[in-house]
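Asker:
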Amino acid sequence: MKKRSSHADRWLLLIHQLPPKPDYFRVKIWRRLQSIGAVAIKNSVYVLPFTDEAMEDFQWLRREITAGGGEATVCRASFVDGMSDQQMRALFRPDHAPAARPAPDGKVAMSKRGRTWVTRPDVHVDRIASAWLIRRFIDPKARFAFSEPKAGMVRFDMYEGDYTHEGDRCTFETLLKRFGLDADTSLRTIGEMVHDLDCKEDKFGRPETAGFERMISGVIKRFANDDARVARGAELLDTFYESFPAAQQRSRTH
């Protein structure tokens with residue numbers, strides 16, 4: 001339980017600028033922000049309710065950003081321009097907060113973990129890969145349903161879903177873009193393979209795609225149950241992800 005400050009309804013802001021490279025550092029900072037529950041309200045501006053714990057989290061993050069060659073400032077605010085205190089509080093209330101809040105740059109920050117993510121039954125490559133991405137990088141406590149959506153569920157890879165095909169992007173690529181994960185070159189590589197298989201084209205033509213397709217096809221043939229497909233697919237995708245040089249570099253620096 002977080003200790004609340006005597007200053008009710010006051011906010012902590014982290015304003016930062018990250019260096020363009022290396023990619024893994026940008027992803028690392030984004031994950032840190034997600035893990036402490038910070039919400040993006042503007043480009044490179046994150047907010048938390050003022051608590052002693054939140055101040056400590058932001059100060060450690062500020063030090064990490066500056067040590068990595070970026071710039072960061074932590075400050076307190078009695079209000080946030082363009083938003084009322086009531087609107088701000090709603091971002092952190094599980095019963096009112098939406099699944100995600102878009103930031104002006106198109107990226108998204110989760111305001112609640114452990115949501116139920118729903119998609120169509122009989123999952124194939126895009127939905128298997130998207131489920132892995134959600135649980136590993138976006139919502140570690142995510143639950144999945146393969147049915148008609150109900151109130152409060154987050155819809156993915158389905159008609160009029162919250163996260164689905166956008167433009168020429170498959171759902172996996174949409175999730176990368178909207179959650180700011182596209183700086184991770186290993187995830188982009190997986191996204192390119194998923195794109196070519198799901199969209200049935202050769203846009204990226206990666207040499208690994210044929211082997212990836214055979215393994216995913218094997219999962220689909222072996223398991224009729226969607227939960228089993230997602231679980232087995234996650235094991236394969238974990239292995240794929242860790243096999244890329246960028247992921248190995250991240251492991252050495254953590």
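For what it's worth, my numbering labels the leading residue of the sequence shown as 1, then goes sequentially. Even glycine gets a Cβ: it sits at the ideal position worked out from N, Cα and C.
For N256, which option in L14, Q86, R155 and D202 has the closest C-alpha, if you only look at C-alpha atoms?
Answerer: Absent from the model: residue 256. The displayed extent of the chain is 1 to 254, so no value can be given.
Asker: List in chain order: all unbroken alpha helix (DSSP H) runs of 4+ residues lying wholly within the region 160-202.
Answerer: Those alpha helix (DSSP H) runs which fall completely within the region 160-202 and span 4+ residues are 171-178 and 185-198.
Asker: Can you tell me where the alpha helix (DSSP H) holding A54 begins and where it ends?
Answerer: In the sequence shown, residue 54 corresponds to position 54, counting from 1. Its alpha helix (DSSP H) spans residues D52 to A67.
Asker: Would a C-beta distance cut-off of 8 Å place S130 and T171 closer than the cut-off?
Answerer: Counted from its first residue, the sequence shown places residue 130 at position 130. Counted from its first residue, the sequence shown places residue 171 at position 171. Yes; because the gap between Cβ atoms is below 8 Å, this pair is in contact.
Asker: Under the three-state reduction of DSSP, which class applies to I36: helix, strand or coil?
Answerer: For the purposes of this step, residue 36 is identified with residue 36 of the sequence shown, where counting begins at 1. I36 falls in the coil class under three-state DSSP.
Asker: Check this for me: beta carbons of D226 and F146, under 8 Å apart or not?
Answerer: Position 226 of the sequence shown holds residue 226. Position 146 of the sequence shown holds residue 146. In this structure, F146 lies closer than 8 Å to D226 by Cβ.
Asker: Quick check: the Cα distance between P102 and R178, rounded to an integer number of angstroms?
Answerer: In the sequence shown, residue 102 corresponds to position 102, counting from 1. In the sequence shown, residue 178 corresponds to position 178, counting from 1. Confidence at P102 is low in this model, with a pLDDT of 41, below 50, so the placement of that residue is unreliable and no value is reported for it.
Asker: What three-state label does DSSP hand R206 in the structure shown?
Answerer: By one-based count along the sequence shown, residue 206 stands at place 206. Three-state result, R206: coil.
Asker: Return the residue from the list R10, H165 and Q34 that minimises the CA-CA distance to G180.
Answerer: Sequence index remark: in the sequence shown, residue 180 carries index 180 (1-based). With distances taken between Cα atoms, G180 lies closest to Q34.
Asker: When you compare the region 150-160 with the region 215-225, are there three or more beta-carbon pairs, one atom per stretch, that lie closer than 8 Å?
Answerer: Taking 8 Å as the limit for Cβ pairs, the verdict is that the region 215-225 does not touch the region 150-160.
Asker: In chain order, what residues of the same chain have a beta carbon less than 8 Å from the beta carbon of I65, not counting five sequence neighbours either side?
Answerer: For the purposes of this step, residue 65 is taken as residue 65 along the sequence shown, with counting starting at 1. Correct list, in chain order: H16, L18, I29, E71 and A72.
Asker: What number of angstroms, rounded off, separates the C-alpha of R120 from the C-alpha of E148?
Answerer: In the sequence shown, counting from the first residue as 1, residue 120 sits at position 120. In the sequence shown, counting from the first residue as 1, residue 148 sits at position 148. If you take the alpha carbons of R120 and E148, they lie about 7 Å apart.
Asker: Report the partner residues of R143 according to the DSSP bridge assignment.
Answerer: Position 143 of the sequence shown, counted from the start, is the residue given in the question as residue 143. R143 pairs with T116.
Asker: With A72 as the anchor, note down where its beta strand (DSSP E) starts and where it stops.
Answerer: As a working note, residue 72 is residue 72 in the sequence shown. Here the beta strand (DSSP E) through A72 covers E71 to A77.
Asker: Any idea what DSSP makes of V47, helix, strand or coil?
Answerer: As a working note, residue 47 is residue 47 in the sequence shown. Reduced to three states, the DSSP call for V47 is strand.
Asker: Which residue from V27, D23, S78 and K21 puts its Cα closest to that of L48?
Answerer: Counting from 1 along the sequence shown, the entry for residue 48 is found at position 48. Taking only the C-alpha atoms, the option nearest L48 is S78.
Asker: Report buried or exposed for D95, applying the criterion of at least 16 other Cβ atoms within 10 angstroms of its Cβ.
Answerer: Taking the sequence shown and counting its residues from 1, the one referred to as residue 95 is at position 95. With a pLDDT of 37 at D95, under the threshold of 50, the predicted position of this residue should be treated as unreliable, though the coordinate-derived value follows. The residue is exposed, with fewer than 16 neighbouring Cβ atoms inside 10 Å.
Asker: A142 and G114 look like a contact to me (Cβ under 8 Å); what is the Cβ gap, rounded to whole Å?
Answerer: The residue labelled residue 142 in the question sits at position 142 within the sequence shown. The residue labelled residue 114 in the question sits at position 114 within the sequence shown. That pair is a contact at about 7 Å.
Asker: Quick check on the burial criterion: 16 or more other C-beta atoms within 10 angstroms. Buried or exposed for G37?
Answerer: The residue given as residue 37 occupies position 37 in the sequence shown. Buried: at least 16 other Cβ atoms inside 10 Å.
Asker: Note down, in chain order, each residue of its chain lying with its Cβ closer than 8 Å to the Cβ of G106, except the 5 sequence neighbours on either side.
Answerer: Taking the first residue of the sequence shown as position 1, residue 106 is located at position 106. Because the pLDDT of G106 is 43, which lies under 50, any placement of that residue in the model is unreliable, and the number read from its coordinates should be weighed accordingly. Cβ neighbours of G106 beyond the five flanking positions: K177 and R178.
Asker: Is R26 closer than 8 Å to R76 when the C-beta atoms are compared?
Answerer: Locating residue 76 in the sequence shown gives position 76, counting from the first residue. Locating residue 26 in the sequence shown gives position 26, counting from the first residue. Their beta carbons are not under 8 Å apart, which means R76 does not touch R26 by this criterion.
Asker: Output yes or no for whether 8 Å exceeds the beta carbon distance between V230 and V123.
Answerer: As a working note, residue 230 is residue 230 in the sequence shown. As a working note, residue 123 is residue 123 in the sequence shown. Result yes, Cβ atoms of V230 and V123 sit closer than 8 Å.
Asker: If I'm right that H134 touches G233 with Cβ under 8 Å, what's the distance once you round it to whole angstroms?
Answerer: Here residue 134 is taken as the residue at index 134 of the sequence shown, counted from 1. Here residue 233 is taken as the residue at index 233 of the sequence shown, counted from 1. A quick correction: the sequence has Ile, not His, at residue 134. Not quite, the Cβ-Cβ distance comes to about 12 Å (not below 8 Å), so this is no contact.
Asker: Can S186 be considered in contact with the ligand FMN, in the sense that its beta carbon sits closer than 7 Å to one or more heavy atoms?
Answerer: The ligand FMN is absent from the structure shown, which contains no ligand whatsoever.
Asker: Under three-state DSSP, which class holds L18?
Answerer: Taking the sequence shown and counting its residues from 1, the one referred to as residue 18 is at position 18. Here L18 sits in coil by DSSP.
Asker: For S154, which residues does DSSP report across the bridge?
Answerer: Along the sequence shown, one-based indexing puts residue 154 at 154. The question names Ser, but residue 154 is Val in the sequence shown. Partner(s): W117.
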